[in-house]
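Chains as they are written, first to last, in this note's numbering: chain A, 1 to 603; chain S, 1 to 38.
Below is one structure, written out as structure tokens; the observations come after it.
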Amino acid sequence: MSSNTQSWGSRVGLILAMAGNAVGLGNFLRFPVQAVKNGGGAFLIPYLVSFLVLGIPLLWIEWASGRFGGTKGDHSAPFIMNSMGKRSYWKYLGVFGIFTNIAVAAYYTYIESWTFSYVFHSIAQTFTGMSQTEVAQFFTSYVDIGQSTTGLPYEAIWFYILVLGLNTWILSKGLEGGIEKVAKIGMPLLIVFGAFLAVRAFMLGSSGAPAGCAECDAMLGFNFLWNPQFDSLSNPNVWLAAAGQIFFTLSVGMGTIHCYAAYVKSKDDIALNSMAAGWMNGFVEIVLGGSIVIPIAVGYLGLDWVKENAGFAMAFQTMPFLFTKWGAVLGSVAGVMWFGLLFFAGITSSLAMGSPWVAFMQDEFKFSLKTSAWTFGLVTLLAGLPTVFFYQQGVFDQYDYWAGTVGLVFFALVEAILFAWIWGIDKGWEEINRGADIVLPKIYKPVLKYVTPLILLVIFTMSLVTPKGNDWSAAVRDGWKFDASSIIGQIQNVDIAHNREAFADIFVAEVDGVADVQSVEGKTTIRLVQTTGEATTYQWDQEDAQPVVTTGQVVRAGDQIAAGSFVNPIFYRHLARGMLIALFAFIAGMVYVAYRRRMQALN
Amino acid sequence: MMLVTEILVTAVTVYFFVKVLRTPPKIEPDSFTENDSE
């Protein structure tokens, strides 16, 4: 029996912690970009439908599974699923409920450390007087660990360790004394900061428009984001994007909700609590997240610029520059609020990611809370350092793809099948309704059994075999080629046609284009400008990297463009995947040892 | 569209949160230890 006797201090604390788990960087950075790219206001329709048929059922599945596990003394996914599924493989499928958290926390805390660092840079008014290009370059320098923006050597690493250490320390204080306290402070502050910036965006109008820019108007940004393009509703990719956003935003398919819910008392409500937390996340995402980045950027830079550049990097490369236009003091305050709200959004989520590991170590190995928390810090640091050292080489993206995208969908599919088909929908429905403070619509029983698992199966299958360019009809007509974003395409590295060796003496162009040879900060750089105007840039740190083409030369894909000692991107992909496989195997091994200990204790 | 959605989402959020605040706690004694014994 577990010696883990933690519990939540209050119901509001639990809901704020659960909402904090769900509210993350994606609410402010991913949602508006997805909405812009998928039909503006019409994106909201598939988004809300996905919330109803995918999000809410998954929330109930995870809350109910977690609370059920808690009654058995299990607070992490492997043994929660073990007690629901009986067959021995369920606990190994449950490994995803710890693995995904560690792997995501490994790079997520790195982003969190950027926000933390940028709060200080905002206070110090570092960005005052910088041009837009200089602010963007500042970020590039920051994540290039060889450079320092403050004079502190390896600054990005120290900030990463500091933030990971802070997470670990808070986790060591437990649910009530650590996580709940942070949620009670962080969530209200996040909403206040977000509301301030959203109101400022509403009031901005065209007051920030540079001369000659007729479309620099924040209201155009709102219109663009909210203007329905109903024809996009017939596009399956829009529905897939909406369903994907629901995953990320609710933090389902991770195992964090299982863990938090495992500390809910067996007769206490989960139905109303899950709705309160889920809708709070929706409020932050739709009302606040949709009202900051895009409108403010359109207000200063215009609609065309935003359409071309909307993306995650805007938070760090564009927003600090725009805040400087509000004057020294207000700009500094806005910077603190923006990066402060991102920091609170991040830390309330990363604390949730740490909880399953901490609970597992307490439950199975009788570690103290403090020791469990520090082992989380150590494992996450070891898993995360490659993402810091090799951020620009793509290790970060690999973690995000395999753990933060594929892992979520796979685990959600597994848990939905377990809940509705193996454990049984009757038992599951009864568990959701036990102690409920609201009456749940009965329609959700068949939704939980048929609709949610089916949608998850479709999403997973489509992710597995996504055709090139997301063009399904062309794939059926002309033969199936996998897109680089598909799971099979990723495994086959289909986007790398030529430089497929980890180490090589020559580097070959992957695309056609006209060469533009430069030396940027001492690094050999070759840009290949394609006929579409898009440019592919290759840059090497190695001193012996020498171009074998000249500026203006027409290059074909497959032509050699440089000579030297190259470590190709495929090496870093293999490194990242190897790290993730090793992490999964390590946790699965721990689960095996824990299982053996349980068996020995019974004998 | 924007105002309707924002008002709707805000209203639902406030409704659930207020319902949480106004629902009295369950009176029967409960504890983690009891959960374990079930």
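Just so you know, even glycine gets a beta-carbon here, dropped at the ideal spot from N, CA and C.
Each of A:G282, A:K468 and A:S565 was checked against the Cα of S:V9, and the nearest Cα belongs to A:G282. Straight across, the Cα-Cα distance linking A:A563 with A:F507 is about 6 Å. Residue pairing by DSSP places A:Y538 opposite A:I526 in a beta bridge.
Sequence-distant partners of A:Q546 (beyond 5 residues in either direction) whose C-beta falls short of 8 Å from its own C-beta, in its chain, are T524, A562, A563 and G564. Here A:P228 carries a strand assignment [DSSP, helix/strand/coil]. DSSP, reduced to helix, strand and coil, places S:I27 outside both helices and strands of the structure shown, so it counts as coil. Counting along the chain, A:A352 sits inside no beta strand (DSSP E); it lies in the alpha helix (DSSP H) bounded by residues A328 to F365.
Within chain S, the residues whose beta carbon sits less than 7 Å from that of A:A276 are F16, F17 and V20, listed in sequence order. Distances from the alpha-carbon of A:T140 to those of A:G129, A:I270, A:W114 and A:I123 put A:W114 closest. Contact residues of the segment 28-60 of chain A toward chain S are G41 and L44 (C-beta to C-beta distance below 8 Å). Here A:A42 carries a helix assignment [DSSP, helix/strand/coil]. With respect to A:L456, A:A412 sits close: the two C-beta atoms are nearer than 8 Å. A:F482 has A:P467 as its beta-bridge partners, per DSSP. Separation of A:F127 and A:Y450 (C-alpha to C-alpha, rounded to the nearest whole angstrom) is 53 Å.
Within the same chain, Cβ atoms closer than 6 Å to the Cβ of A:G435 are found at K267, D268 and D269, the five residues on either side in sequence being excluded. A:V511 sits away from A:I526, with the two beta carbons spaced by 8 Å or more. For the pair A:I347 and A:E180, the CB atoms are not nearer than the 8 Å cut-off.
Think of a sphere of 7 Å around the beta carbon of A:I15: the chain S residues whose beta carbon falls inside it are V20, in chain order. Ranking A:G552, A:A504, A:L580 and A:L342 by CA distance to the CA of A:D544 puts A:A504 first. Between A:Y110 and A:F120, the alpha-carbon positions lie close to 16 Å from each other. Looking only at A:L580, A:L351, A:L288 and A:F323, the smallest Cα-Cα distance to A:G255 is reached by A:L351. Secondary-structure assignment with DSSP links S:V20 through no beta bridge to anything. Less than 8 Å divides the Cβ of A:A218 from the Cβ of A:G205. Assignment of A:F507 by DSSP, reduced to helix, strand and coil, places it in the strand class. Bounds of any beta strand (DSSP E) do not take in A:I123; it lies within the alpha helix (DSSP H) bounded by F96 to I123.
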